[in-house]
Each structure stands twice: as C-alpha cells, then as structure tokens.
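**Q** Encoded as structure tokens, here's the structure I'll be asking about.
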Amino acid sequence: MARKRSWGSCQPKASRIRTLSECADPTANSHSIQSANLPSVDITTSTSRSTPSLAIMAAINKIAPNSPSRQNPSELETAIAGALFDLESNTQDLKASLRPLQFVSAREVEVGHGKKAIIVFVPVPLLTNFHKIQQRLTRELEKKFSDRHVLFVAQRRILPRPKRSANSRTTQTQKRPRSRTLTAVHDAILSDLVYPVEIVGKRTRTKEDGSKTLKVILDEKERGGVDHRLDAYGEVYRRLTGRAVAFEFPQSGAEF
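So in the numbering used here, spot 244 of the sequence shown is number 262, and the numbers just go up one at a time.
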C-alpha cells in the first residue's frame, strides 16, 4: 500500500503552487504582513515639503561658486539670492538678463536718518551685464527691501606694492597692474556707487587739522534721480575705503 505523503500546513493541489513558494520562503508571509501594516505615504505632502528646499537650492545658485558665501550664506545673502531668483522666474523682460548673473556677497550698513543700505558685491567680469539692467533691478530690489538703498559694487582686490628692497615688508615680487592699486580701486568704487550718474569733477579739501575730504561733483542732469541717495553714497564709500567724501552737484556757471 502506497505511503501517503503529508504536506504539513500546505494547501491542496489547487493552491499548492502559491503555498509551496510560501513554504520555501518562510519570510514571504511576514513581508506581506509588514507591507500591509505600513502607513500610507501622502505623495502630495512629501512633494510639497521638498519644494521649498529645491527653491532655496536654486536661489543659492545666484551666489558665485568661488565665493565663501556659497557654502554658508548669511540671512541677507540668502534673501538677496531668493529675490534675484524670484525676479528671474517671474519677470519676463528680466529673465534672460538675470539668468547668467551672480553675486559674491552682500553687506548691510547704516547710512543715517534711520536708513540702511545694502551693498551687493558682484564679480568684475559680470559688472557690465549688471549695468545693463541696474536701474530696473535696483528699483525691483528696493521694493522687496523697503527703506533700504541697494548699491552694486564690483569685488576688487588691492595688491601691495612690489618688493623693492631686502628690508621691504611685502613679499610681492611681480609687477602689479594699475587696476589693482589702491587709487584705482577707490576710483572704481566711486564710479560703481553712483552709476549711471557721471562724475564730472573731483577736488580734495584739506582742513587746518590736516584731515582731507574728497569732493565729488556729479552730473547736474541726474540730480532729480539721485539727490536723495547722496548720504548713502558717502557713508558706503567711507565704510569701504575709510575716506571721507562729499557728493555735490555743480553750481550754475561753475567750471570743473
């Protein structure tokens, strides 16, 4: 008499294929149970949570990659990067012009009368591109940062004088270009601050105590557009260079 084979807990032949696979893999049922007990994931919620972080990452790309602020931006730099990215995304006539533009860092200073100014330092190679849209860009940013002037200045580096003797303190041996001298950089900062207004004259006023004040004469045609910004220009220039400056407009009939 043939011995009857027992399949233990396995089911009859009709369902034996599924049952045998379960017997071969004892964890099959446990996986099914665990999957059944997993909480449901709201795809919409998870996507919406990741959207702000993606927007922040995209905004940070407006900071130049070689800038230390790229890895650790301040709150002000993050806000400016976000404002530039927002203008690029939502303003059609600025989109193409803003896409290649980046800035190096930003700084906020007090300029008196309860007002502040934001100095945005930009790479020298991109300064010309900023100038093309600077007037419109300045207006848009000052709407977002109320009660603050927004000024664009190129990030320049001053090189020391080359070493002239064995006792010289500096180790600089290569010849420096004129654009890296202190005088050239300070003059360039002046031009950046007042752009697009033209500087038509300069004078240095020396007082009895020996202190000097630079007097800068601006084009009369632009008086109405920048008259309220002259105090900000002077304070920002003093903070960046340590030199006092007074901005004025020419008197009628005066020659410079």
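Glycine included, every Cβ here is placed at the ideal spot set by N, Cα and C. Since the structure is predicted, the reported quantities are computational estimates derived from the model, not experimental observations.
1. The alpha helix (DSSP H) that contains residue 103, what's its start and end?
2. Once the 5 residues before and after residue 228 are set aside, which same chain residues still bring their CB inside 8 Å of it?
3. Going by C-alpha distance, which of 78, 81 and 255 is nearest residue 212?
4. Buried or exposed: residue 131, going by 16 or more other Cβ atoms within 10 Å of its Cβ?
5. Cβ of residue 266 within 7 Å of Cβ of residue 235?
6. Within 10 angstroms of the Cβ of residue 246, are there 16 or more other Cβ atoms? Answer buried if so, exposed if not.
7. Check residue 246 in the structure and name its three-state DSSP category.
8. Buried or exposed for residue 114, please, with buried defined as at least 16 other CB atoms from any protein chain shown within 10 angstroms of its CB.
9. What beta strand (DSSP E) runs, 3 residues minimum, are completely inside the stretch 147–219?
10. Are the beta-carbon atoms of residue 341 and residue 126 separated by less than 7 Å?
11. On a Cα-Cα basis, can you pick out the residue from 252, 257 and 124 that is closest to residue 264?
12. Hey, out of 121, 197, 171 and 107, whose CA is closest to residue 207's CA?
13. How big is the Cα-Cα spacing for residue 93 and residue 175?
14. Buried or exposed: which applies to residue 210, given that a residue is buried once 16 or more other Cβ atoms fall within 10 Å of its Cβ?
15. Can you give the Cα-Cα distance for residue 98 and residue 226, rounded to whole angstroms?
16. Less than 7 Å between the C-beta atoms of residue 160 and residue 168, yes or no?
17. Compute the distance between the beta-carbons of residue 122 and residue 173, then report whether it is under 7 Å.
18. Which residues bound the beta strand (DSSP E) around residue 262?
19. To which residues does DSSP link residue 128 through a beta bridge?
20. Which same chain residues, not among the five before or five after residue 223, have their C-beta less than 6 Å away from its C-beta?
21. With distances taken between CB atoms, is the gap from residue 268 to residue 238 smaller than 7 Å?
**A** On the basis of the supplied data:
1. 93–108
2. none
3. 255
4. Flag for residue 131 reads exposed.
5. yes
6. exposed
7. helix
8. exposed
9. Within the stretch 147–219, the complete beta strand (DSSP E) runs of at least 3 residues are 166–172.
10. Since the first residue of the chain shown is 19 and the last is 274, residue 341 is not available in this structure.
11. 252
12. 171
13. 25 Å
14. Under this definition residue 210 is a buried residue.
15. One C-alpha to the other measures close to 44 Å.
16. yes
17. yes
18. 262–266
19. 134
20. 231 and 233
21. Contact: yes.
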